[in-house]
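J.: So that we are looking at the same thing, I have put the structure below in structure tokens.
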Amino acid sequence: MKKQLRKKKSAPTKQSTLDANRAIDLVVALMKIPGPSCHEEKMVEQVRRRLTAAGIPASAITTDNAHKKSPAGGTTGNLIVKLPGTIRAPRRMLMAHLDTVPLCVGCRPIQRGDSFVSGNPRTALGADNRSGVAAILNAILEIQRRKLPHPPLTFLFTIQEELGLFGSRFVNASKLGKPKLAWNWDGRGPQRITHAAIGGRTLSIQFHGIASHAGGAADRGVSALTLAGLAIQDLVSGGWHGEFLRGGKVGTCNLATIHGGDATNVVTDRVDIEGECRSFDRRLLDRIAREVERACQRAVRSTKNCRGQRGSVTFHTDIEYEPFTIPKNAASVQAAEAAIRSFGMKPELLTTQGALDANWLNARGIPVATLGAGQVAGHSLSERLDIEQFLTGCEVALRLATAPDLAA
């Protein structure tokens, strides 16, 4: 038997129409299901089963082939649900990621006070992001159960978010129906709206030197380690390592790992460096990568052995996630603010230094803002689900899915 939840003073003032017990039963059931990145198939089966039991036709439920494009592989693609509207309005999309970090596998959700925690002390809970999945799945089920009027709707359940946003990166956008308003549930407070997120690039560098005996023929060698050191010093002295400001835009660059060398009596002939750069500005991201490459090339040109030979460098950068900023007056943001206010809360607009599935959807032209549904301390043994915040997140999701007065 569930404990009766005490409402705090900050609780929503709008009369609730949510069936709290149904929503809680749903999120608890989902948190019990193992589904780490690349192994979300049980979650896909569970969501599909609940949808078909609620009367959603099989033709409205599809999966794409994102896992076949992902470098990590995996057992299933993204799950996509499309419903025709019963009222005329632009299409809206609600989304959340299905996967958890591996630490959540084996969790046993139990209620402790006003929260759920894992009863298994060796696991996290999985509120990140089963709370988001439950919030949007509950919206579909309530629409079906209560026959609520609604505009055309898309529900996107993504895979491999925790591993590198691969589900959203490789989603088949043609299956989404061109939504004009969109929201992603992956966070804590239901009053928080993340409308901007940082972008990132990977940096992979291989310095190739010339091996020689470090005692008898050191002058014939070109140390790859020396090349790496010169390049790093160049970046530091030029203000391109660490955090910096360029043209009013903040960026970061971090060369994080370095490996090379086999023996102390050999001039090092190869050094590998891995790093990253981040910024909210796409052009600054591109420039940081160029500056790193130029510093590496300068190091190579400045160093030669007694025979006039130089080493070389191989440089590669890849997009991890694109930055985005949704204007505060954008329809997705204003609709979220209105929904939040309707439950007696004051909206909070946030930016994040981390990455979200919303990064890749915004890069595809879909204006996704991210909201919360009660997850706290994700990726840790102290993870919990704030029940009151979760229930409010469910109410916000249902309102955004059904309210007729949201303009695109």
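Everything in the sequence shown is counted per our numbering, starting at 12 for the first residue and increasing by one.
The beta-carbon is built from N, C-alpha and C at its ideal position, and this holds for glycine as well.
Where D397 and E359 are concerned, what is the direct C-alpha to C-alpha distance, given to the nearest angstrom?
T.: Straight-line Cα distance between these residues: approximately 18 Å.
J.: Measuring CA to CA, which of L214, G226, V247 is closest to H327?
T.: L214
J.: Out of F166, L402, S313, T237, which one is the CA nearest neighbour of K186?
T.: F166
J.: Answer yes or no: do N195 and M106 have a C-beta to C-beta separation smaller than 7 Å?
T.: yes
J.: Please state whether the Cβ-Cβ distance between G286 and L266 is less than 7 Å.
T.: yes
J.: Do D125 and G389 have their C-beta atoms within less than 7 Å of each other?
T.: No Cβ-Cβ contact shorter than 7 Å links D125 with G389.
J.: Find the nearest neighbour of L148 within the set G137, T263, L41, judged by alpha-carbon distance.
T.: For the residues G137, T263, L41, the minimum Cα distance to L148 belongs to L41.
J.: Using DSSP with H/G/I as helix, E/B as strand and the rest coil, what is T111?
T.: Strand.
J.: Is V58 near L90, with beta carbons less than 7 Å apart?
T.: Contact: yes.
J.: Using a 10 Å radius around the Cβ and a threshold of 16 neighbouring Cβ atoms, would you call G88 buried or exposed?
T.: buried
J.: Does S234 pass the burial test, meaning 16 or more other C-beta atoms within 10 Å, or should it be called exposed?
T.: buried
J.: Buried or exposed: T279, going by 16 or more other Cβ atoms within 10 Å of its Cβ?
T.: buried
J.: Please check the pair I204 and L361, which I expect to be a contact at CB under 8 Å, by giving their CB distance rounded to whole angstroms.
T.: The C-beta distance from I204 to L361 rounds to 7 Å, short enough to fall under 8 Å.
J.: By DSSP's criteria, P47 is part of a beta bridge. Which residues make up the other side?
T.: T111
J.: Buried or exposed for D292, please, with buried defined as at least 16 other CB atoms from any protein chain shown within 10 angstroms of its CB.
T.: buried
J.: Around the C-beta of G178, are 16 or more other C-beta atoms found within 10 angstroms, so that it is buried, or is it exposed?
T.: buried
J.: DSSP state of K80, grouped into three classes?
T.: helix
J.: Please name the residue in T403, R289, K191 whose C-alpha comes closest to that of Q345.
T.: K191
J.: Straight-line CA distance for K357 to I351?
T.: So the alpha carbons of these two residues sit roughly 7 Å apart.
J.: Could you tell me which residues DSSP pairs with W194 in its beta bridges?
T.: L105, A380
J.: Distance check for A145 and S343, CA to CA, integer angstroms please.
T.: 21 Å
J.: Would you kindly work out how many angstroms separate the C-alpha atoms of A34 and G84, rounded to a whole number?
T.: Rounded to whole angstroms, the separation of the alpha carbons of G84 and A34 is 32 Å.
J.: Name the one or two DSSP bridge partners that V277 has.
T.: In the DSSP output, where bridge partners are listed per residue, V277 has H224.
J.: Below 8 Å, how does it come out for the region 72-84 and the region 48-55: are there three or more Cβ pairs, yes or no?
T.: yes
J.: Taking the C-alpha atoms as reference points, what is the distance between T111 and K339?
T.: 30 Å
J.: What's the call for Q171, buried or exposed, on a 16-neighbour Cβ count within 10 Å?
T.: buried
J.: Looking only at its chain, what residues have a beta carbon closer than 7 Å to the beta carbon of L372, apart from the 5 residues adjacent to it on each side?
T.: S179, A193, V379
J.: Hey, how far is the Cα of V221 from the Cα of G227?
T.: According to the sequence shown, residue 221 is Ile rather than Val. Answer to the nearest angstrom: the Cα atoms are 14 Å apart.
J.: Which whole-angstrom value describes the C-beta separation of R212 and D329, a residue pair presumed to lie in contact below a C-beta threshold of 8 Å?
T.: 7 Å
J.: In three-state DSSP terms, what is G175?
T.: Residue state, collapsed to three classes: helix.
J.: How should N10 be labelled, buried or exposed, when 16 other C-beta atoms within 10 angstroms of its C-beta is the threshold for buried?
T.: What is shown of the chain runs 12 to 419, which leaves residue 10 out entirely.
J.: So, for S48: in the same chain, excluding its five sequence neighbours on each side, which residues have a beta-carbon less than 6 Å away from its beta-carbon?
T.: D110, Q171, E173, L174
J.: Measure the C-alpha to C-alpha separation of P101 and A374 and round it to an integer number of angstroms.
T.: 20 Å
J.: May I ask you to report which of helix, strand or coil DSSP gives S215?
T.: The answer is strand: DSSP assigns S215 an E or B state.
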